[in-house]
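Asks: Those sequence lines, one after another, are chains A and B. Here the first sequence stands for residues 1 to 112, numbered as in my numbering. Here the second sequence stands for residues 1 to 113, numbered as in my numbering. My questions all concern the structure below.
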Amino acid sequence: QQQVKQSPQSLIVQKGGISIINCAYENTAFDYFPWYQQFPGKGPALLIAIRPDVSEKKEGRFTISFNKSAKQFSLHIMDSQPGDSATYFCAASKSGANNLFFGTGTRLTVIP
Amino acid sequence: NAGVTQTPKFQVLKTGQSMTLQCAQDMNHNSMYWYRQDPGMGLRLIYYSASEGTTDKGEVPNGYNVSRLNKREFSLRLESAAPSQTSVYFCASRDRTYRDTQYFGPGTRLTVL
């Protein structure tokens with residue numbers, strides 16, 4: 001049973017466009033929602049994270065939007081660049097827990 | 001700081017062979033994790049160690065064993081490898097003090113024939 005559902009599986013965006021990746025969860029106890037970025041041949045690395053006390057968090061061109069009532073959160077990449085081409089994973093966990101549940105990943109390709 | 005290191009980077013095994021994947025971190029983190037990554041399945045937790053001397057099963061522990069040798073090292077053992085264990089394996093350590101970040105190693109690509 002997938003604790004975090006992620007879509008789309010793959011995404012192709014033109015340079016300068018907006019990339020949007022969506023995730024949904026069921027467990028209302030989750031209170032920490034990070035996004036990880038993974039380049040080919042590398043391990044994932046934390047990109048940005050949000051807690052449910054805010055509805056949006058922005059770091060540079062990357063923004064997480066969080067909808068607590070819908071149990072959904074999304075990653076927006078503004079002005080997408082070819083260097084953003086990677087696989088993105090959303091994840092969720094609850095405070096004090098040891099497990100981090102990952103989505104299935106989205107392979108983003110930004111074409112020049 | 002080397003961060004999280006893993007050895008080997010690549011490995012090919014025959015069905016029934018055994019091997020140990022090594023992981024070490026130099027960030028003084030208490031928690032360490034082993035994940036496997038398969039196409040379309042994301043990252044799935046195999047085992048984790050919340051602190052030195054403790055280990056617990058994750059989502060997909062069958063066919064694996066782990067040892068938390070000390071605070072730095074956390075190894076994953078396949079006693080009798082099966083083709084279904086063909087995957088990319090990642091070790092991670094967790095920093096609860098900075099955005100609760102998990103730091104991942106570069107991965108081990110394992111093929112079981």
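All C-beta atoms, glycine included, are put in the ideal place defined by N, C-alpha and C.
Go ahead and pull the three-state DSSP assignment for Glu84 (chain B).
Replies: Per the sequence shown, residue 84 (chain B) should be read as Ser rather than Glu. Ser84 (chain B) falls in the helix class under three-state DSSP.
Asks: Who are the near neighbours of Ala50 (chain B) in its chain, counting only those whose CB is closer than 6 Å to its CB and skipping five residues on each side?
Replies: Ser31.
Asks: Would you mind reading off the limits of the beta strand (DSSP E) that contains Ser65 (chain A)?
Replies: It spans Phe62 to Asn67 - the beta strand (DSSP E) in which Ser65 (chain A) sits, taken as one unbroken run.
Asks: Would you kindly report the start and end of the unbroken beta strand (DSSP E) that includes Ile111 (chain A)?
Replies: Element bounds for Ile111 (chain A): Thr106 to Ile111.
Asks: Please work out which residues of its chain come closer than 7 Å, Cβ to Cβ, to Lys68 (chain A), disregarding the five sequence neighbours upstream and downstream, and give them in chain order.
Replies: So the list reads Pro52, once near-sequence residues are dropped.
Asks: Using C-beta distances below 8 Å, list every residue in its chain close to Lys14 (chain B), excluding the 5 sequence neighbours before and after it, in chain order.
Replies: So the list reads Ala81, Val112 and Leu113, once near-sequence residues are dropped.
Asks: For Glu79 (chain B), which residues of its own chain have a beta-carbon under 6 Å away from its beta-carbon, when the five flanking residues on both sides are left out?
Replies: Only Ser18 meet the Cβ criterion.
Asks: Fully enclosed by the region 18-49 of chain B, which beta strand (DSSP E) runs are 3 residues long or longer?
Replies: Runs found: 19-25, 31-38 and 42-49.
Asks: Quick one: list the residues of chain B neighbouring Asn89 (chain A), beta-carbon separation under 7 Å, in chain order.
Replies: A quick correction: the sequence has Phe, not Asn, at residue 89 (chain A). The contacting residues are Gly42 and Leu43.
Asks: Please decide whether Gly105 (chain A) counts as near chain B, where near means a Cβ-Cβ distance under 7 Å.
Replies: Chain B contact via Cβ: present.
Asks: What are the boundary residues of the beta strand (DSSP E) that Ser75 (chain B) is part of?
Replies: Phe74 to Leu78 is the span of the beta strand (DSSP E), which, as asked, contains Ser75 (chain B).
Asks: List, in chain order, every chain B residue whose beta-carbon is nearer than 9 Å to that of Gly60 (chain A).
Replies: What Gly60 (chain A) touches in chain B: nothing, since even the nearest Cβ is about 15 Å away.
Asks: First and last residue of the beta strand (DSSP E) that includes Leu46 (chain A)?
Replies: Ala45 to Ile50 is the span of the beta strand (DSSP E), which, as asked, contains Leu46 (chain A).
Asks: Any beta carbon from chain B within less than 7 Å of Ala49 (chain A)'s own beta carbon?
Replies: True, the Cβ-Cβ gap to chain B drops below 7 Å.
Asks: May I ask you to report which of helix, strand or coil DSSP gives Pro34 (chain A)?
Replies: Strand.
Asks: Can you tell me whether Asp95 (chain B) is helix, strand or coil according to DSSP?
Replies: Residue state, collapsed to three classes: strand.
Asks: Could you check where the beta strand (DSSP E) with Glu56 (chain A) kicks off and where it finishes?
Replies: Unbroken beta strand (DSSP E) run through Glu56 (chain A): Glu56 to Glu59.
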